[in-house]
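Just so you know, the protein sequences line up as chains W and Y, in that order.
Take the first sequence: its position 350, counting from 1, is numbered 352 in the working numbering, and each next residue is one higher.
Take the second sequence: its position 75, counting from 1, is numbered 77 in the working numbering, and each next residue is one higher.
Quick reminder that beta carbons are idealized off the backbone N, C-alpha and C, glycines included.
There are 2 protein chains.
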Amino acid sequence: MAESEDLSSSSSNSSSREDMHFFEGVEKLLEIWFAPNPANKNADLRKIPRPMWDALLKTVRCEIISFTRNDQIDAYVLSESSMFVSKRRWILKTCGTTTPLQCFEPLLRLASEIAGYSEIEDLFYSRKNYKRPELQVSPHRGFEEEVAFLDSFFDDGRAYSLGAINRDCWHLYTLSRGGGGTNKILKRNNHIHQLHQQQQQHQHHYDDSQMIEASMQPDPDQTIEILMTELDPKVMAIFTKDECTTAKEATQKSGIHRLIPGMIIDDYLFDPCGYSMNGISKNCGKKYKEGCYMTIHITPEPEFSYVSFESNVASSDYGELIERVIRTFHPGKFIVTVFANKTSIAANASREIEHLGTIDQWKRRDIQYSRFASYDLTYAQYCKYPS
Amino acid sequence: MAESEDLSSSSSNSSSREDMHFFEGVEKLLEIWFAPNPANKNADLRKIPRPMWDALLKTVRCEIISFTRNDQIDAYVLSESSMFVSKRRWILKTCGTTTPLQCFEPLLRLASEIAGYSEIEDLFYSRKNYKRPELQVSPHRGFEEEVAFLDSFFDDGRAYSLGAINRDCWHLYTLSRGGGGTNKILKRNNHIHQLHQQQQQHQHHYDDSQMIEASMQPDPDQTIEILMTELDPKVMAIFTKDECTTAKEATQKSGIHRLIPGMIIDDYLFDPCGYSMNGISKNCGKKYKEGCYMTIHITPEPEFSYVSFESNVASSDYGELIERVIRTFHPGKFIVTVFANKTSIAANASREIEHLGTIDQWKRRDIQYSRFASYDLTYAQYCKYPS
Numbered sequence: 003m004a005e006s007e008d009l010s011s012s013s014s015n016s017s018s019r020e021d022m023h024f025f026e027g028v029e030k031l032l033e034i035w036f037a038p039n040p041a042n043k044n045a046d047l048r049k050i051p052r053p054m055w056d057a058l059l060k061t062v063r064c065e066i067i068s069f070t071r072n073d074q075i076d077a078y079v080l081s082e083s084s085m086f087v088s089k090r091r092w093i094l095k096t097c098g099t100t101t102p103l104q105c106f107e108p109l110l111r112l113a114s115e116i117a118g119y120s121e122i123e124d125l126f127y128s129r130k131n132y133k134r135p136e137l138q139v140s141p142h143r144g145f146e147e148e149v150a151f152l153d154s155f156f157d158d159g160r161a162y163s164l165g166a167i168n169r170d171c172w173h174l175y176t177l178s179r180g181g182g183g184t185n186k187i188l189k190r191n192n193h194i195h196q197l198h199q200q201q202q203q204h205q206h207h208y209d210d211s212q213m214i215e216a217s218m219q220p221d222p223d224q225t226i227e228i229l230m231t232e233l234d235p236k237v238m239a240i241f242t243k244d245e246c247t248t249a250k251e252a253t254q255k256s257g258i259h260r261l262i263p264g265m266i267i268d269d270y271l272f273d274p275c276g277y278s279m280n281g282i283s284k285n286c287g288k289k290y291k292e293g294c295y296m297t298i299h300i301t302p303e304p305e306f307s308y309v310s311f312e313s314n315v316a317s318s319d320y321g322e323l324i325e326r327v328i329r330t331f332h333p334g335k336f337i338v339t340v341f342a343n344k345t346s347i348a349a350n351a352s353r354e355i356e357h358l359g360t361i362d363q364w365k366r367r368d369i370q371y372s373r374f375a376s377y378d379l380t381y382a383q384y385c386k387y388p389s
Numbered sequence: 003m004a005e006s007e008d009l010s011s012s013s014s015n016s017s018s019r020e021d022m023h024f025f026e027g028v029e030k031l032l033e034i035w036f037a038p039n040p041a042n043k044n045a046d047l048r049k050i051p052r053p054m055w056d057a058l059l060k061t062v063r064c065e066i067i068s069f070t071r072n073d074q075i076d077a078y079v080l081s082e083s084s085m086f087v088s089k090r091r092w093i094l095k096t097c098g099t100t101t102p103l104q105c106f107e108p109l110l111r112l113a114s115e116i117a118g119y120s121e122i123e124d125l126f127y128s129r130k131n132y133k134r135p136e137l138q139v140s141p142h143r144g145f146e147e148e149v150a151f152l153d154s155f156f157d158d159g160r161a162y163s164l165g166a167i168n169r170d171c172w173h174l175y176t177l178s179r180g181g182g183g184t185n186k187i188l189k190r191n192n193h194i195h196q197l198h199q200q201q202q203q204h205q206h207h208y209d210d211s212q213m214i215e216a217s218m219q220p221d222p223d224q225t226i227e228i229l230m231t232e233l234d235p236k237v238m239a240i241f242t243k244d245e246c247t248t249a250k251e252a253t254q255k256s257g258i259h260r261l262i263p264g265m266i267i268d269d270y271l272f273d274p275c276g277y278s279m280n281g282i283s284k285n286c287g288k289k290y291k292e293g294c295y296m297t298i299h300i301t302p303e304p305e306f307s308y309v310s311f312e313s314n315v316a317s318s319d320y321g322e323l324i325e326r327v328i329r330t331f332h333p334g335k336f337i338v339t340v341f342a343n344k345t346s347i348a349a350n351a352s353r354e355i356e357h358l359g360t361i362d363q364w365k366r367r368d369i370q371y372s373r374f375a376s377y378d379l380t381y382a383q384y385c386k387y388p389s
């Protein structure tokens, strides 16, 4: 297989690596849920104006290149991946050598001063292991550095590595009020002292409403990610200007538009190659206030091909969706992660994925389940065989 | 609580740390199952004579201080923890700044030249995070270094970190023939080339018998470990020469002899403090050919107290055993790990521990399940509250 020959030659000949073209497709994914503000029912992250997002994304080393919205979610295609802004949920997914944790402080300030939120309810920072970690920029030069950075903000964040850490794996830093502790309280820090003071004032009141809230059922929520490597070069060729002149052509030709029906698609084909798409939909059930989305990002070069699929679409059986995605892209290896809270119809995803030992020619090599304060997580890794 | 004050003062005043007495109770645990040798039915690790074990343990930086046996298992108390030798299973558990991975090559050589084994069937190297990793000796200065060392021997070992890696966690390197790959083949290596050549010769024959064996049910096997920190100083005082003059007195006074009935106990009380015990039993069911054991090691100093409990006793309900152990030692925090293969009566341990959200005043903070090639693993971490 030409692809794996390319891969082995690039990794064995390290002296010439510096000269080779390389792009890190693996994204850093930051998802933050702000706690509803009892003193401000109109709090909304979408109040933050575009120039402020532009400035914030400069600290991340990327920029907005396309935008679409519905009445639940603002969806941005970025020069490096995507950003989704809802009333109280913020998602930033960026690839390459971007530095999303660098925008953490400015984001908290905008959330507090403009959007009206002073408390984080849940935070998830996650990524697959990088293909070339040595090319990353601080504080992203390794998971330890990323954890130390986040630990400087939070007293009770928890860091996990799922999968075989000497092979394909996936890192997660998470923080959840559901844990019943002080884990949502930012540490004293000069830079965000103002926010901290606001939090202190709300704290007591909050703890009470918290008790009531805890006895209530949370809104259902779930996220599935499928992170694929060593993809079929024939499929990857679709996402080049050589083969397609427009993003829409690539979307149709690959079958991306059929993966989740009913999505309004905003797609982008990079020159000479590379592809990003955001899909948004209102057909995710009435209970889902923060908007339904999907997003796909493709690094097609055979030497370091990478495709990520992510969606918060609810399903009691992700098997079919996983099959559609991997039959579309034909990865050599892939990781699946599913987060689901207890009211989600995906709450049994772990048992369902447990039964997916083999999908077509892909065989599962790892499966791990973790119970966190508010969410259950299922992690699985598959390889094509014979490889 | 005096204990936690001691702990916080020792960690905040790092400049005086060098002068403080410290002992790393956290053990490195290496368990190796050699594959039955079809050409040599009399292969047996217990053929390795005592002087050779003495020499091997010198490379680990520890020595034998007591010995007991039955017809299934040889049990050694070491200056730093324990060693158990059965027909084809070898367990080495060592604390302090010992270097168990340094004996890996000599062990493989003894297994091949004296005991009659040339293939590893399963290997597990595991440990809790160290309290003071900076005091460890190569190749044990961090999990990354330990993984790199083991990866230099094996092509397909898999390394995992369970639990929150920025808090209490537990590391595992595992290798299993059950994975169906080439993972049991040692890499070409001058030092163990002879063993490797023997393996090559047996390889083809082995792969065939392997196919047959894979369709057979494995002998049931399971291991439970309970790793405890921040223990009740009143309980810890039992394990000092101040309070007890003999090991037997400490065993009886603490209630260790009641934890698992029917164990023949070999216990040792260190001067001025510290305690180790091995228990062996033949009452573990006829199917259990490699012998049943338990082992406990205690570092009682309040500044760095640590107790480990380990046993391969079979149970379909470890809840009662976990309760007995933690009510005996009163830890501030503890980790439970359970390995069980599919024929073990502990195969449902994960679901059972899932229901143990709270045990007395201990509350679970983490639970993770992993399916490996031959074993399922459950990891859970608990904290006492209010802490």
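CA nearest to the CA of Y:R160, picked from Y:D170, Y:E136, Y:Q138 and Y:D124: From the listed residues Y:D170, Y:E136, Y:Q138 and Y:D124, the smallest Cα separation to Y:R160 is found for Y:D124.
Reduced DSSP category for Y:M22 - H, G, I as helix; E, B as strand; rest coil: DSSP, reduced to helix, strand and coil, places Y:M22 outside both helices and strands of the structure shown, so it counts as coil.
Counterpart residues of W:K30 in DSSP-defined beta bridges: Answer is W:T96, bridged to W:K30.
Cβ-based burial, Y:D76 [other Cβ within 10 Å; buried from 16]: Of the other Cβ atoms in all chains shown, 16 or more fall within 10 Å of the Cβ of Y:D76; this residue is therefore buried.
Where the region 151-168 of chain Y meets chain W: residues whose CB sits under 8 Å from a CB there: Listed in sequence order: D153, G159, R160, A161, Y162, S163, G165, A166, I167 and N168.
CB contact check: W:R134 to chain Y, cutoff 8 Å: For W:R134, no Cβ of chain Y is located within less than 8 Å of the residue's own Cβ.
Three-state secondary structure (DSSP) of W:D124: Residue state for W:D124 is assigned as strand, using DSSP reduced to three classes.
Simplified DSSP assignment, three categories, for Y:R391: In the structure displayed, chain Y extends from 3 to 389; residue 391 of chain Y sits before or after that span and is not available.
Under 8 Å by beta carbon: chain W residues contacting Y:I369: Within 8 Å Cβ-Cβ: S372 and R373.
Secondary structure, beta strand (DSSP E): runs of 3+ residues fully inside the region 353-381 of chain Y: List check, beta strand (DSSP E) in window: 364-373.
Cβ-Cβ distance between Y:P222 and Y:A316 below 8 Å: A distance below 8 Å separates the beta carbons of Y:P222 and Y:A316.
Minimum Cβ-Cβ distance from W:V149 to chain Y less than 8 Å: Chain Y contact via Cβ: present.
Among W:L261, W:G165, W:M296 and W:L323, the one whose alpha carbon lies nearest that of W:T380: W:T380 has its Cα closest to that of W:G165, out of W:L261, W:G165, W:M296 and W:L323.
Residue nearest to W:C64 in terms of C-alpha spacing, selected from W:L103, W:V309 and W:A382: Among W:L103, W:V309 and W:A382, the Cα nearest to that of W:C64 is on W:L103.
Spatially closest choice to Y:V340 from Y:T330, Y:I355 and Y:F156, by CA coordinates: Of the listed residues, the one whose Cα sits closest to Y:V340 is Y:I355.
Exposed unless 16 or more other CB atoms sit within 10 angstroms - verdict on Y:N44: Result: exposed.
Proximal residues to Y:A37 (C-beta, below 6 Å), its chain only, five neighbours per side dropped: If we look at Y:A37 and ignore the five residues flanking it on each side, its Cβ neighbours are E121 and E123.
Proximity below 8 Å, CB of Y:C105 to CB of Y:T176: In this structure, Y:T176 does not lie closer than 8 Å to Y:C105 by Cβ.
The region 329-344 of chain Y touching the region 221-236 of chain Y, judged by at least three CB pairs closer than 8 Å: Short answer: they touch.
Outcome for W:G334 when other beta-carbon atoms lying within 10 angstroms are tallied against a minimum of 16: Looking at its Cβ environment, which holds 16 or more other Cβ atoms inside 10 Å, W:G334 is buried.
Closest by C-alpha distance to W:I240, when choosing among W:G276, W:D269, W:L261 and W:I93: Ranking the options by Cα distance to W:I240, first place goes to W:G276.
Inter-residue CB distance, Y:E336 and Y:Y384 (contact presumed, cutoff 8 Å): Checking the displayed sequence, the identity of residue 336 of chain Y turns out to be Phe instead of Glu. Confirmed, Cβ separation roughly 5 Å.
Neighbourhood of W:A382 by C-beta, 6 Å cutoff - its chain only, sequence neighbours within 5 removed: Excluding five sequence positions before and after W:A382, the CB atoms of its chain that fall closer than 6 Å to its own CB belong to V338, I355, R366 and I369, given in chain order.
Same chain, Cβ closer than 6 Å to Y:L94, neighbours up to 5 away in sequence not counted: In chain order, L32, M85 and P102 place their CB closer than 6 Å to the CB of Y:L94, counting only its own chain and leaving out the 5 sequence neighbours on each side.
Distance, W:G27 Cα to Y:N168 Cα: Within the model, the alpha-carbon separation for Y:N168 versus W:G27 is close to 26 Å.
W:Y208 burial status per 10 Å Cβ neighbour count (16 or more: buried): Since pLDDT at W:Y208 reaches only 37, below the 50 mark, its modelled position is unreliable, and no value is offered.
Beta bridge counterpart(s) of W:Q383 as assigned by DSSP: For W:Q383, the beta-bridge partners assigned by DSSP are W:I337 and W:D368.
Y:H390 - DSSP class collapsed to helix/strand/coil: No statement about residue 390 of chain Y is possible, as the shown extent of chain Y runs from 3 to 389 and does not include it.
Among W:P388, W:T297 and W:W172, the one whose alpha carbon lies nearest that of W:R1: Nothing about residue 1 of chain W can be reported from this structure: the residues present for chain W run from 3 to 389 only.
CB contact flag (W:I262, W:M296, <8 Å): Against a cut-off of 8 Å, the Cβ pair of W:M296 and W:I262 comes out as a contact.
Reference Y:S68, options Y:L271, Y:L109, Y:F151 and Y:A117, closest by Cα: That would be Y:L271, whose Cα lies nearest to the Cα of Y:S68.
Beta-carbon proximity check, W:E29 vs W:H357, cutoff 8 Å: Against a cut-off of 8 Å, the Cβ pair of W:H357 and W:E29 comes out as no contact.
Residue environment, Y:S372, which counts as buried when at least 16 other CB atoms sit within 10 Å: So Y:S372 ends up on the buried side.
Distance, Y:S88 Cα to Y:P51 Cα: Their backbone Cα atoms lie some 13 Å apart in a straight line.
Rounded C-alpha distance that separates W:A117 from W:T70: In a straight line, the C-alpha of W:A117 is about 20 Å away from that of W:T70.
Through-space distance from Y:E232 to W:H40, alpha-carbon basis: First, the residue type needs correcting, since residue 40 of chain W is Pro and not His in the sequence shown. Each residue's Cα considered, the two are about 40 Å apart.
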